[in-house]
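Counting in this note's numbering, the sequence shown runs from 1466 upward without gaps. Where a beta carbon is used, it is the ideal one built from N, C-alpha and C, also for glycine. Inspection log for the structure reproduced underneath, given as structure tokens.
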Amino acid sequence: MNRFSLSLLFVILSYVAWAQPANNNFASAVSLTHGPLASGCSANAAYTTVAATGDMTAGNCWNTSGGSNVWFKFTATTTKMHFDVIAGGSVGTGGTLQHAYAALWDNTGTIQLVCNTYATQYSGVSLNYANLTIGQDYYISVDNHNGSTGYRGTFKICLGDDVDYDYYEGATTLAMNSTSANAAYTTVMATRDKNNANCWNTNGGSNRWFKFVATTTTITANVYTGGAEGSLQHGYMALWEADGTTQLGCVQYVNQYDDLEISAVGLTPGNTYYISVDNHNGTSGYRGSFKIGINDAVTYDYYEGAVALVMNSTSANAAYTTVMATRDKNHANCWNTNGGSNRWFKFVATTTTITANVYTGGAEGSLQHGYM
1466 MNRFSLSLLF VILSYVAWAQ PANNNFASAV SLTHGPLASG CSANAAYTTV AATGDMTAGN
1526 CWNTSGGSNV WFKFTATTTK MHFDVIAGGS VGTGGTLQHA YAALWDNTGT IQLVCNTYAT
1586 QYSGVSLNYA NLTIGQDYYI SVDNHNGSTG YRGTFKICLG DDVDYDYYEG ATTLAMNSTS
1646 ANAAYTTVMA TRDKNNANCW NTNGGSNRWF KFVATTTTIT ANVYTGGAEG SLQHGYMALW
1706 EADGTTQLGC VQYVNQYDDL EISAVGLTPG NTYYISVDNH NGTSGYRGSF KIGINDAVTY
1766 DYYEGAVALV MNSTSANAAY TTVMATRDKN HANCWNTNGG SNRWFKFVAT TTTITANVYT
1826 GGAEGSLQHG YM
């Protein structure tokens, strides 16, 4: 083979190796079927951003302008959609794409409806949207950080006709008197919908949704994090009526990996209620996994769940806490503020006299400026 033939072969192989993806441009978007998620997934590594170029607009949540986007489109068959970009680092786990981006656009490709960005190098991206117009076309762009060659790669996609628990409409149903596995849920890739609770010290921005049917008039919900239970930091939780906007209770972290607890009374048995879980500022640095549990009784945060004390007894050091407590009933008339984090105890009188003591400081407890 002469030098010219070798050069020509090199050019041909280079062109094949670096040919732009078929869906490199908005006008050549790959058509997807909008149906059940279970049947809407491609093969592993079916698509790629390798050799892709930028066109149209970058998603407004992307932390760079991208530059290697590829396009997909679908015709809405329901008002809801869920879309996943799955990578994982190898073809066998979805593909090699790193630091992925995705965004949903209207039929012109210019009005953004929702977008999301990677949490970790190979984490992939999810999109949810619950206000599609049936029969209308929509477009999805997939890109990667900086559009750089080093991050480009292959990926798998899934498109479904419903939303997941990122949206109120896709809330996960919790069975009463049950607790999930450790780290069963996560705020990673979550986005904001509905309202943030009025006790949260920021707007959140990565809420997840759960729902349950009340079996009694009382409820306690718990979020567990830290260690094996999950990686969520500075967590938030709120309890809502069926509309997802009428707040019944809320709580926020005190420390980085605090568990969360909400109790409520006055529920209507048979009615559906909602729980949202979020984290401080909705930032990727605090997002993480968590465990959740629910039962049909209240804790000693409420009068109705008061802890029974045995006469002539003393608890262990630091056995109780006002952390995560909320106010119910009245504050006492000698307290110099309204309090707001009361806990309840009860006892059966055995004589006409009683003395009760609360101990704090050092090993006994961390309560400050206490009331009783």
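query: DSSP three-state assignment for His1796, whether helix, strand or coil; result: coil
query: Meets three-Cβ-pair contact criterion under 8 Å: the segment 1636-1653 and the segment 1513-1521; result: no
query: N- and C-terminal bounds of the beta strand (DSSP E) containing Thr1582; result: 1577-1582
query: Expected contact under 8 Å - CB spacing of Thr1529 and Val1579 to nearest Å; result: Incorrect: roughly 18 Å between the Cβ atoms, too far for contact.
query: Which of helix, strand or coil DSSP assigns to Leu1502; result: helix
query: Cβ-Cβ separation, Val1590 to Met1546 (assumed contact under 8 Å), whole Å; result: Contact doesn't hold; Cβ gap of about 14 Å is too wide.
query: Helix, strand or coil at Glu1706 [DSSP, three-state]; result: coil
query: Beta strand (DSSP E) segments (min. 3 residues) lying fully within the segment 1494-1569; result: 1495-1497, 1535-1540, 1546-1551
query: Beta-bridge pairing of Leu1725 - partner residues as DSSP gives them; result: Val1688
query: Integer Cβ distance of Glu1726 from Thr1764, believed to fall under 8 Å; result: 7 Å
query: Cβ distance (whole Å) where Ala1797 is taken to contact Tyr1738 below 8 Å; result: Contact flag wrong, Cβ pair sits at about 31 Å.
query: Whole-number beta carbon distance between Thr1514 and Val1535, since they are thought to touch under 8 Å; result: 6 Å
query: Cutoff 6 Å; reference Glu1769; Cβ partners in own chain excluding five residues on either side; result: Val1730, Val1763
query: Three-way DSSP call (helix, strand, coil) for Gly1758 in this model; result: strand
query: Three-state class that DSSP yields for Asn1744 in the structure shown; result: strand
query: Buried or exposed (CB count within 10 angstroms, at least 16 for buried), Arg1673; result: buried
query: Asp1708 versus Ile1576 - alpha carbon distance; result: 28 Å
query: For Val1678, the first and last residue of its enclosing beta strand (DSSP E); result: 1673-1678
query: Secondary structure of Ala1492, DSSP reduced to three states; result: helix
query: Alpha-carbon to alpha-carbon, Gly1747 and Ile1622; result: 25 Å
query: For Ser1591, the first and last residue of its enclosing beta strand (DSSP E); result: 1590-1594
query: CB contact flag (Asn1760, Thr1690, <8 Å); result: no
query: Per DSSP, the bridge partner or partners of Asp1608; result: Tyr1566
query: Reference Asn1509, options Val1556, Ile1819, Ala1584, closest by Cα; result: Val1556
query: Leu1471 (DSSP reduced to helix, strand or coil); result: Here Leu1471 scores only 44 on pLDDT, less than 50, and its place in the model should not be relied on; the value that follows carries that caveat. Residue state, collapsed to three classes: helix.
query: Candidates Asn1593, Pro1486, Ala1494, Gly1625: closest to Thr1573 by CA position; result: Ala1494
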